[in-house]
Every structure is written in structure tokens, then in C-alpha cells.
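Residue numbers (the working numbering), protein chains in the order written: chain A, 60 to 111; chain B, 242 to 485. Ideal Cβ placement from N, Cα and C applies to all residues, glycine included.
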């Protein structure tokens, strides 16, 4: 399945691994921060409403 | 109907919510198909061997690293001239994405350079200008975090963005006007329409470039929405006098 990368297999695979890790981490942090911000805003809006 | 209506956070969030699902799916499709195509479906280069497969990560990441800064430049200018908060929050949202793209370009470039050039790093004009661009991204993000008043932070980071644009331009055009250093010429010269990459490598590369572009857009829209919500939360807390 994996193509024959010859003597540069380590270089190619490490470039792909590093890039995928960075991209997945960026997306995960972005989505997590977004969820936290949404929840915080909802909470404040609810409290402001209940305070009148 | 004017583009400036999207300076209204509510209208921006409404449009963003409609566009994002399409963007995420299209970005995921293009990135995954492009990388699989490039990794499994392309032959080795006669000189570079299998390291040519790194091009599908390096070139799109470098492209977005530079264009992210240009996007930040435009939105920062809009802030300085028209004082639209959504605009400067979009710049703030784009900075970490651009920084990660810069890191991917630097890391994959170093990994490719070691076997091809015999060195991880050289003080070549393009590599050096890219390193400085990375430092500008770090400085931009740090400046936002360091200043408490959001409007002052927006002003100062926008000015930093103008200064950093010099290095974004250098990163983009250094290979064209500096005939020195190790870095080869651009793979896809947009201005001339010519290219130095054969079709078998070019089409998956274009797929990856489109994918990285769409991913950047999806991430920036999502992150701008987050920044708007954080700003609104802080405003409501301040209005309630710290009771909330």
C-alpha cells in the first residue's frame, strides 16, 4: 500500500507526520476555543437576562 | 447591498454560519484527496527521488503563510481607516493560522533541504525572510496578548502588520529578484503563467493548494466568530459592572 520511498523514507514520512500533527492540533485548538467562547457567551447572556 | 454590511457582527456571524459547512467539507475533500494523490499516485522525481512528495505540503503551506499576512494587511488597513471591529478581529483570528502555515513551510523545507542541499538551514534570502515572517507572526500574536485595551491593541497590531508586510513581500518575491542562495525559483509563477513542474506533479499540487486555501478560509471564519463572541462576553461583563 505504502509507496516505495527508497532511501528518503524517513524524510518524507517525518515531513508528513509533522505537518499532519500541526494541522490537526491547529484545528483541535480552534474548535475547542470556539466551544468555550460559545458556552461563556451563553452563560453571560443568561445571567444578564436573569438579573433583569 | 454593500460589503460593509458584514462589518456588523450579527450579519457576519449569520453569513459565516451559512458558508462554513460548505467550506469545511470542500477543504477536507481537497486536502485529503490532494495529499493522498500526491503521496500514493505520483512517481519519484529523477533528481529528488521520493522527497518530491514533500512539495504537496511545503508549497501550499508557504503560499498560505504569505497570503495570510496579506489578508491581515488588508483587514488591518480597513480597521485603521474605517474602524470596523470585525475586520481587525479577522486579522487577529488569521495570525495563528498563518503562523502554523509558516512553521509547516519551514519544517518541511528543512527536512527536504537536508538530503537535497546537504543542510537543514542556509541563510538564503527566501529562507531568512520566511524566518523573519514567522517572528513577525509571533510578535503580532504576543502584542495582542500584551495589551489590555482592545482598541489600542488593534491599532498597534495593525501598524505592526504594515511593517511586517515588507517581509511578506520579500518572502513572496525574493526568489525572483535575488539570484543568490540555495532556494530554487517559484514552482508556479502566476505572473508569467509558465511553470517548472510537470503535469503529473502539478495537478495534485493544485488540489493541495486549493485545499489549504479553503482550510485557511474555514479556520479564519470560525476563529473570527470566536473572537466576536469573546468580545461580546467581555462587553456584557463590563456593562454588568463585574457582577456577572
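For residue 250/B, the enclosing alpha helix (DSSP H) stretches over residues 250-282. Identification of residues in the region 266-278 of chain B having a C-beta nearer than 7 Å to some C-beta of chain A yields an empty set. Burial is judged here by how many other beta carbons sit within 10 angstroms of a residue's own beta carbon; residue 476/B has fewer than 16 and is exposed. Chain A places a beta carbon closer than 9 Å to that of residue 294/B, counting this residue as a contact. Here residue 329/B has 320 and 395 as same chain residues with Cβ atoms under 6 Å from its own Cβ, once five neighbours each way along the sequence are excluded. When 7 Å is used as the limit between beta carbons, residue 97/A is near these residues of chain B: 470, in chain order. The straight-line gap separating the alpha-carbon atoms of residue 66/A and residue 285/B is approximately 12 Å.
If the five residues before and after residue 411/B are omitted, its C-beta is found closer than 6 Å to the C-beta atoms of 370, all from its own chain and listed in chain order.
A check of alpha carbon separations from residue 331/B across 349/B, 354/B and 310/B identifies 310/B as the nearest. Here the alpha carbon of residue 85/A sits roughly 13 Å from the alpha carbon of residue 453/B. Annotated three-state conformation of residue 110/A is coil, per DSSP.
Counting along the chain, no alpha helix (DSSP H) covers residue 67/A, and no H or E run does either. Not flagged as an interface residue toward chain A: residue 316/B, since no C-beta distance is shorter than 9 Å. Here residue 92/A really is in contact with residue 467/B; their C-beta atoms are around 6 Å apart, less than 8 Å.
Residue 87/A holds the alpha-carbon nearest to the alpha-carbon of residue 337/B among 99/A, 103/A, 109/A and 87/A.
Per the Cβ contact rule, the region 337-349 of chain B is in contact with the region 300-314 of chain B (3 or more Cβ pairs under 8 Å). One thing to note: residue 347/B has its Cβ within 9 Å of the Cβ of residue 375/B. Of all residues in the region 353-375 of chain B, the ones placed with a Cβ closer than 8 Å to any Cβ belonging to chain A are 353, 355 and 356, in chain order. Considered as a whole, the region 361-395 of chain B harbours no complete run of any beta strand (DSSP E) with no fewer than 3 residues.
Exposure of residue 61/A is indicated by the presence of fewer than 16 other C-beta atoms within 10 angstroms of its C-beta.
In this structure, the beta-carbon distance from residue 103/A to residue 472/B does not fall below 9 Å.
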